[in-house]
Amino acid sequence: MTVSKYVPIGQHICFLIAILANSLLLYLIKIRAGTAFGRYRIMMICFSVYSVFYATVETLTLPVMHIHGSGILFYVNSFLKNDLLWGVVITSRFALYRGILNNSVSVAYCACFAFCISTLATHFVFRYIAVCKSTKLYYFDGYKLYLWFLPPLVMFGAWATTIIFIYVPNPETRDFFRNMTREVYEENIDQIAYVGPVYYTWENGKRQFRLPDLLGSLVICNIIGLSFTTCIICAYKTYKKLNDFSTQMSNRTRALNKQLFWTLGLQTLLPCFTQYMPVGLLFVLPLFEIEVGKVGNIVGVTCCLYPAMDPLIAIFMIDRFRNCVFRKDNQSKTRSGRVTALNSDMYSSNQ
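With full-length UniProt numbering, letter number 196 in the sequence shown gets 196, and the count goes up by one each step, no holes.
Structure, rendered in structure tokens:
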């Protein structure tokens, strides 16, 4: 048996949709967002550009994921699958650096996931401050706006470091996955680029825990949990504020903030089912030796869905984007709306 042909087909389709949808969103941001979106416009642009990059890395990887016993196998199924040295000759005595180079695409893909969910959390923090603490919007002025991307970069670095120094191939994991990869995927574990933890092995009827692998998974699960918790807390407080009609806020500004809030809400619900839960289960199930076999390959497809569907949510949830796509607005109305929204945005920012 090998990987189902539908898995890479689905991944490539998601890549094409991601490129087209994010390109359309960037165009709509340019012609319809204007200054009414304030500083959030820049964050939307950065996230959309990053989504294109993320989708590209996914396509270069075409990840295959498989839970086997107490281990998780993640290997590259693209044209880079057997390109272990990536054109660079490394001697055997530099085994650690060879492992880093051999699996650089795998590491990049995994770390990009961390950056993606962390950036989404940053979006929620921005909406919370814009709605609940508008006097603090100067935190996003000028260069300060770009400093908000430092936490996602830290998460990116933490995830990448975990993969590089803990999950890179070693003799123990190769032996652990060897028979499974040959029987299930008809692959030679010595000839494919892969990463993956093994939580414990059995010796003389006793579990022998591999503490570095467990520690690495703890770091990864904490990153997922921290990002998701930040989204939930900020979403709850923002929702309460938007529904507090005693707060002075123009109807247009309140409507725009609600649109952006519900857009972010759906943009969190989507990765909850395509990224948070599937990836979280991948790291939890092996603790109990719950094998799902090739069903784990679905995670490689669901993760590809996110950069493809995320921009569609913004396009169809924000009325000025949706109306432009379906040509329901006219130029005079648009110009008037821009002026009104700008005045409302400036008013709400000074509260």
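Backbone N, C-alpha and C define an ideal beta-carbon position, used for all residues, glycine too.
Predicted, not measured: the structure shown is a model, and the values here were computed from it.
Give the secondary structure of residue i by DSSP, where H, G and I count as helix, E and B as strand, and everything else as coil.
i: E58; result: helix
i: V131; result: helix
i: T201; result: strand
i: I290; result: coil
i: G265; result: helix
i: R327; result: coil
i: P63; result: strand
i: G71; result: strand
i: R207; result: strand
i: V154; result: helix
i: Y194; result: strand
i: V7; result: helix
i: V76; result: strand
i: G99; result: Because the pLDDT at G99 is just 45, under 50, the model does not fix this residue reliably, and the value given afterwards should be weighed accordingly. G99: helix per DSSP, three-state reduction.
i: T173; result: helix
i: W148; result: coil
i: I220; result: helix
i: N188; result: coil
i: P122; result: The residue asked about is misnamed: residue 122 is Thr in this sequence, not Pro. Note: T122 maps to helix in three-state DSSP.
i: I117; result: helix
i: K30; result: helix
If I measure Cβ to Cβ from residue i and keep anything under 8 Å in the same chain, skipping five residues before and after, which residues do I get?
i: V292; result: I67, L285
i: V184; result: M1, H66, G293, K294
i: F273; result: T302
i: S4; result: K294, N297
i: R32; result: R320, F321, C324, T334
i: W202; result: Q208
i: D141; result: R39
i: D213; result: I166, Y167, P197, V198, Y199
According to the neighbour-count rule (16 or more other Cβ atoms, all chains shown, within 10 Å of its Cβ), is residue i buried or exposed?
i: V131; result: buried
i: E186; result: exposed
i: N243; result: exposed
i: T268; result: buried
i: R327; result: exposed
i: F165; result: exposed
i: F79; result: exposed
i: K241; result: buried
i: I318; result: buried
i: L215; result: exposed
i: Y6; result: exposed
i: Q191; result: exposed
For residue i and residue j, which I take to be in contact (beta-carbon distance under 8 Å), what is that distance rounded to the nearest angstrom?
i: V279; j: I224; result: 7 Å
i: L260; j: R127; result: 6 Å
i: A314; j: I17; result: A314 to I17, Cβ: 14 Å. No contact.
i: A193; j: Y75; result: 7 Å
i: V195; j: S106; result: 5 Å
i: T59; j: F15; result: 5 Å
i: L26; j: I45; result: 7 Å
i: A235; j: F124; result: 6 Å
Taking the straight line between their C-alpha atoms, what separation do you get for residue i and residue j?
i: E172; j: Q208; result: 12 Å
i: L287; j: V219; result: 15 Å
i: Y200; j: T61; result: 27 Å
i: M43; j: P8; result: 31 Å
i: T56; j: S217; result: 25 Å
i: Y239; j: Y306; result: 24 Å
i: V168; j: T161; result: 10 Å
i: A111; j: A121; result: 16 Å
i: L266; j: C231; result: 11 Å
i: V64; j: G71; result: 14 Å
i: T229; j: K144; result: 24 Å
i: Y146; j: I163; result: 26 Å
i: W262; j: G205; result: 52 Å
i: I19; j: C116; result: 16 Å
i: N170; j: V49; result: 35 Å
i: K237; j: P271; result: 21 Å
i: F47; j: G69; result: 37 Å
i: Q275; j: K136; result: 32 Å
i: C304; j: K258; result: 28 Å
Can you give me the Cβ contacts of residue i inside the same chain, cut-off strictly under 7 Å, excluding the 5 residues immediately before and after it?
i: S118; result: P151, P152, M155, S227
i: I189; result: R174, F177, R178, T181
i: R210; result: V198, Y199, Y200
i: Y139; result: I129
i: V299; result: M65, P278, V279, L282
i: L28; result: I315, F321, C324
i: D310; result: S51, Q267, L270
Once the 5 residues before and after residue i are set aside, which same chain residues still bring their CB inside 6 Å of it?
i: L312; result: A21
i: G10; result: V301
i: H12; result: none
Taking only heavy atoms of the ligand MN into account, decide whether any of them is closer than 7 Å to the Cβ of residue i.
i: L214; result: For the structure depicted, the ligand MN is absent and the ligand set is empty, with no information on it obtainable.
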